[in-house]
Structure formats: C-alpha cells, structure tokens
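Protein chains in written order, with my numbering: chain A, 2 to 151; chain B, 2 to 151; chain C, 4 to 84; chain D, 4 to 84. Glycine included, every Cβ here is placed at the ideal spot set by N, Cα and C.
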Amino acid sequence: MVARVQETPINSDYETAELRRLLKLSGAIVTFCGLVRDFNHLGKIEGISLEHYPGMTEKTLLRLAQQAVKRFELEQVRIIHRVGRIDNAETIVWVGCAAVHRQAAFAGAAYIMDILKQDVPLWKKEHYGESSVWVEAKSTDKDAASRWQK
Amino acid sequence: MVARVQETPINSDYETAELRRLLKLSGAIVTFCGLVRDFNHLGKIEGISLEHYPGMTEKTLLRLAQQAVKRFELEQVRIIHRVGRIDNAETIVWVGCAAVHRQAAFAGAAYIMDILKQDVPLWKKEHYGESSVWVEAKSTDKDAASRWQK
Amino acid sequence: MITVKCFAQVREISQTEEMSLSFHQNMSIADVQRQLCAQGEQWQKAFSLSPLIACNHIIVSENHVLNEGDEVAFFPPVTGG
Amino acid sequence: MITVKCFAQVREISQTEEMSLSFHQNMSIADVQRQLCAQGEQWQKAFSLSPLIACNHIIVSENHVLNEGDEVAFFPPVTGG
C-alpha cells in the first residue's frame with residue numbers, strides 16, 4: 002500500500018507497473034487519473050497550484066488507502082497526489098486499486114476519490130494570467146462522499 | 002474511439018498515452034485492466050487461450066464503445082482485447098474511458114466490462130499442464146450486465 | 004449458400020469450424036439445425052448445449068429466417084474479459 | 004506552547020502561515036480563536052469563513068480542549084483530487 006504526495010510530475014506508467022509488480026491474487030486493476038483542464042466557468046486556465054497540509058495530508062491519504070483495502074478487500078492500493086504548481090493536462094492525482102474481482106476494484110477507486118475530495122487537506126487554486134482564484138468546494142462532491150456512509 | 006482485438010501483448014502504457022493524447026475536455030480517466038490469474042478452483046493454471054469470432058467480435062466491441070460514449074457522455078473510449086494464447090499475469094483486456102467528470106468515467110468503464118462479459122463473442126480456456134478446460138459463464142456476470150438495463 | 008461457423012465447445016463437439024450448406028427459400032435456423040443433426044450424432048450433441056445463434060454477427064433465435072449468403076454461427080455463452 | 008497553522012484562503016486572509024501561542028490549562032480551540040481575534044481584524048475575517056479545524060491532524064470542533072504542544076490548523080473545505 003502506497004499513499005504519498007509529490008511535487009514532481011506523476012508518472013502513471015511507473016505507478017501502474019509498481020502496482021502490478023506486487024500482485025499475487027488480483028485479476029482486476031482499476032486506475033483513476035485526474036487531469037488539469039485548461040478551462041473552467043471563468044475562462045481559460047493557465048495551470049493550477051495545489052496547497053496542502055504537510056503531515057496531515059499523508060496521514061489522511063494513508064488512512065484512506067487502509068480503509069479502502071479493508072472495506073473492498075483490495076490486494077493493493079496506490080494513491081499519488083501532486084502538490085505545488087501543476088500545468089494544464091498534467092496529472093493531479095493517480096489512484097490504482099487491484100482486487101480479485103472487478104467490482105471491488107471499481108468500488109475501491111471510486112470510494113477513494115469520493116472520500117479524498119471530502120477529507121484530504123488539499124486546496125486548488127486556478128491561475129488566469131496574473132490573477133488566481135481559489136476553487137470552491139462543490140456540493141456534488143459532498144453528495145458523492147455521503148453515499149459511502151453506512 | 003478505438004475498439005480492437007490483438008494477438009500480441011497489450012501495452013497499457015501505450016494505450017493510456019493514446020487515450021490521453023486526444024483529450025480536449027476531460028478531467029477524469031478511468032482504466033480497467035483484466036489479468037490472467039495463475040489459479041482457479043481447479044488449481045494452478047498455466048495460461049489461457051482466448052477464442053473469438055473474427056468479424057463479430059470487432060463489430061460488437063465497437064458498438065459497445067459507441068453505446069458507452071453516448072450513454073455516459075464520454076470524450077474518449079478505448080477497448081483492447083487480447084485473443085489467442087495468453088500467459089499468466091498478462092493483460093486480457095484493457096479499457097480506458099475519459100470524461101469531463103469522474104462519475105461518468107467510472108460508470109463508462111464498469112458498463113463496458115459488464116456488457117463485454119455478456120455480449121462479446123470471446124471464449125476462455127484455462128490450461129493445466131497437458132489438459133485444458135473451457136471457462137463456464139458466471140451468473141454473477143449476467144447479474145452485473147442486467148443492472149444496466151433500462 | 005449458407006455459411007455455418009462454430010466456436011469453442013460447439014466447435015469441438017461438432018468437430019466443425021466452418022462449413023457450407025445449400026440455401027432454400029424460407030430456410031430457418033431451425034431448418035439448418037435439423038439438417039445438421041441428420042448428418043451425425045456430433046451435431047445432436049452440439050445442439051443439446053442450446054448454443055447461442057448469430058446470423059451475420061447479430062444474435063437471433065432459431066425461428067430466424069435466412070437469406071442466400073447468410074453466415075450462421077453457433078457458440079456457447081461468452082466468457083471474455 | 005500551541006502551534007497554529009493556516010492554509011489556503013484562511014492563510015491569505017489571516018496573513019499567517021504559522022505562529023505560536025502560550026498554552027494555558029483547559030484552553031479550547033474557541034479560546035484560541037478569541038485570542039487571535041483580539042490580535043487584529045484579519046483574524047475576525049478569517050474566522051468569519053467558519054474554517055475547518057484540525058488538532059494534531061484530526062478534524063475537531065471548536066469545543067475541543069487542547070494539551071501543551073498541540074498543533075491547531077484552520078482551513079477552508081478541501082478541494083483536492
């Protein structure tokens with residue numbers, strides 16, 4: 002199980018290979034990749050910055066990975082989140098889940114993303130030329146996280 | 002949109018790069034990868050063979066990709082299915098879906114896998130030393146496909 | 004002519020990968036099955052599996068009526084992915 | 004001592020990334036907030052956002068009672084992923 006933040010670009014090929022390398026039982030791998038889009042409702046974006054809470058971010062990500070492993074009986078989980086300045090089209094977050102059956106791998110990756118967007122101390126700022134705007138938390142993300150409550 | 006079968010090993014790094022190369026709108030990519038496991042309820046497996054119906058397989062995969070694009074408003078879909086002899090731990094199928102929002106990308110990839118296992122003319126045989134056994138269709142796969150009926 | 008193709012267990016049991024049959028007016032899939040069953044026990048065994056049927060790559064029932072040149076395929080439930 | 008950290012909009016508005024406060028017995032997060040608000044308008048503005056509160060990396064409410072050496076953080080709803 003791996004959960005970390007990094008300032009350098011995420012290499013999804015490397016992360017996929019590392020995830021696969023350790024598998025003994027799994028027949029299914031689901032990956033999620035979140036990308037910087039080059040526009041939003043305000044117009045054209047020139048990259049984003051991701052601020053985070055060093056220490057708490059890593060702990061929260063690791064706890065999330067552990068919860069996903071236990072809840073969905075995953076064989077492996079990797080969560081890599083980029084922080085700092087990120088260019089358009091680059092990867093913000095990469096999540097990989099491996100499980101014996103595909104339903105568990107899909108559910109695990111969806112769960113991690115929904116809870117990550119609710120609980121992990123990361124904040125996104127979008128850049129527009131000289132100015133920049135903090136991204137507002139979305140109510141749809143709150144709804145997505147609440148569906149996992151039981 | 003790409004949907005094809007191939008006898009050579011699937012290169013998920015290449016497929017991921019091709020999927021990403023064409024994106025203009027998407028902020029989310031979900032991939033699914035199905036692997037040959039080295040055991041089943043009968044014991045240790047030494048690879049599998051995948052027979053298919055040339056012509057019908059390709060048409061059915063392409064129609065499935067088109068249906069997923071339309072139903073979940075996906076920007077891109079790639080489905081690559083291996084056929085012929087496949088070694089343990091190799092990739093049987095690789096599916097990639099890109100969408101503006103993550104829920105659509107997750108749903109699209111899950112839908113493609115559920116319908117593929119129900120509708121695409123592919124048959125799996127597991128090898129055990131000198132002998133080999135056809136894999137039986139699973140009722141759980143039938144149930145998985147039926148949840149998408151509307 | 005009608006082309007008949009078989010896959011997986013159906014191919015192995017019928018010992019047939021591909022063959023041709025003469026076409027006749029109003030020929031149905033059921034007619035094809037009857038004609039093949041008359042050719043040998045291996046076809047009776049193959050059809051006892053209740054295989055899926057495709058005509059020109061589309062899944063059909065045994066009532067489906069054929070046209071000259073159609074391709075008919077018999078195969079078991081699929082197990083890809 | 005109590006360490007106070009601020010992130011994102013709360014950091015910008017309070018103009019504070021990190022600072023220290025003296026610890027006193029039965030000190031709550033609400034006490035910390037009152038003490039900071041007395042230091043300047045920027046803190047009143049920052050707390051008017053109703054930021055989330057973490058103590059030693061765990062989300063807590065403003066009633067949470069602190070211990071010597073605790074790290075308290077104020078930040079807006081998260082927007083990662």
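| query | result |
| --- | --- |
| Taking 7 angstroms as the cut-off, decide whether the C-beta atoms of Ala69 of chain B and Gly109 of chain B are in contact. | yes |
| Quick one: what's got a C-beta closer than 8 angstroms to Leu62 of chain B's C-beta in the same chain, skipping five residues either side? | Ala4, Arg5, Val6, Ile80, His82, Leu117 and Val121 |
| Roughly how many angstroms separate the alpha carbons of Ile62 of chain D and Ala146 of chain A, rounded to a whole number? | 16 angstroms |
| Establish whether the CB of Val121 of chain B and some CB of chain C are separated by less than 7 angstroms. | yes |
| Can you tell me where the beta strand (DSSP E) holding Ala76 of chain D begins and where it ends? | Glu74 to Phe78 |
| Would the segment 69-79 of chain C count as touching the segment 8-27 of chain C if we require 3 or more Cβ pairs under 8 angstroms? | yes |
| Looking at C-beta atoms only, is the number of pairs between the segment 37-46 of chain A and the segment 38-53 of chain B that lie closer than 8 angstroms three or more? | no |
| Starting from His67 of chain D, find everything on chain A with Cβ-Cβ shorter than 9 angstroms and list it in chain order. | Result: empty, since nearest Cβ-Cβ is about 15 angstroms, beyond 9 angstroms. |
| For chain A, is any of its Cβ atoms less than 7 angstroms away from the one on Leu36 of chain B? | yes |
| What is the DSSP secondary structure of Glu59 of chain A, counted as helix, strand or coil? | helix |
| Helix, strand or coil: which one does DSSP assign to Glu52 of chain A? | strand |
| Taking the Cβ atom as the reference point for each residue, do Leu24 of chain B and Ala99 of chain B lie within a distance shorter than 7 angstroms? | yes |
| Strictly under 7 angstroms for the Cβ-Cβ distance: is Tyr129 of chain A near chain D by that measure? | no |
| Three-state secondary structure (DSSP) at Val81 of chain C? | coil |
| Assuming contact is defined by CB atoms lying nearer than 7 angstroms, are Gly84 of chain D and Met114 of chain A in contact in what I supplied? | yes |
| Please return the same chain residues whose Cβ sits closer than 6 angstroms to the Cβ of Trp95 of chain A, not counting the five positions on each side in sequence. | Ile11, Ser13, Glu16, Cys34 and Ile81 |
| Considering only residues of the same chain and omitting the five flanking positions on each side of Asn41 of chain A, which have a CB-CB separation below 7 angstroms? | Glu127 |
| Starting from Arg83 of chain B, follow the alpha helix (DSSP H) in both directions and report where the run begins and ends. | Careful: Arg83 of chain B lies outside any alpha helix (DSSP H), inside the beta strand (DSSP E) at Gln77 to Arg83. |
| Could you tell me the boundaries of the alpha helix (DSSP H) in which Val6 of chain A lies? | No alpha helix (DSSP H) contains Val6 of chain A, which is instead part of the beta strand (DSSP E) from Val3 to Gln7. |
| Pick from D:Met4, D:Arg37, D:Glu21 and D:Ile5: whose alpha carbon is nearest that of Phe50 of chain D? | D:Arg37 |
| Inspect the beta-carbon positions of Ala138 of chain B and Pro54 of chain C and report whether they are closer than 7 angstroms. | no |
| So Phe77 of chain C and Tyr54 of chain B are supposed to be a Cβ contact under 8 angstroms. How far apart are they, rounded? | That belief does not hold up - the Cβ atoms of Phe77 of chain C and Tyr54 of chain B are roughly 11 angstroms apart, past 8 angstroms. |
| Name the one or two DSSP bridge partners that Arg86 of chain B has. | B:Ser50 |
| Give me, in chain order, the residues of the same chain whose beta-carbon lies closer than 6 angstroms to that of Ser50 of chain B; leave out the 5 immediate sequence neighbours on both sides. | Arg86 and Lys126 |
| Is His60 of chain C close to chain B? Criterion is C-beta to C-beta, closer than 7 angstroms. | yes |
| Tell me the residue span of the beta strand (DSSP E) that contains Lys125 of chain B. | Leu123 to Tyr129 |
| CB-CB under 7 angstroms to Trp149 of chain A, same chain, minus the five flanking residues each way: which ones, in chain order? | Tyr112, Asp115 and Ile116 |
| Tell me whether the beta-carbon of Glu52 of chain B lies closer than 7 angstroms to the beta-carbon of Ala57 of chain C. | no |
| Could you tell me the distance, in whole angstroms, from the CA atom of Glu19 of chain A to the CA atom of Thr32 of chain B? | 16 angstroms |
| Who are the Cβ neighbours of Met22 of chain D in its own chain at under 7 angstroms, not counting the five residues just before and after it? | Val7 |
| What does Phe33 of chain A reach in chain G if we use C-beta pairs closer than 9 angstroms? | Judged by its chain identifiers, the structure shown contains no chain G, and its protein chains are A, B, C and D. |
| Measuring alpha carbon to alpha carbon, tell me which residue in B:Phe107, B:Arg21, B:Val84 and B:Gln119 is nearest Glu8 of chain B. | B:Val84 |
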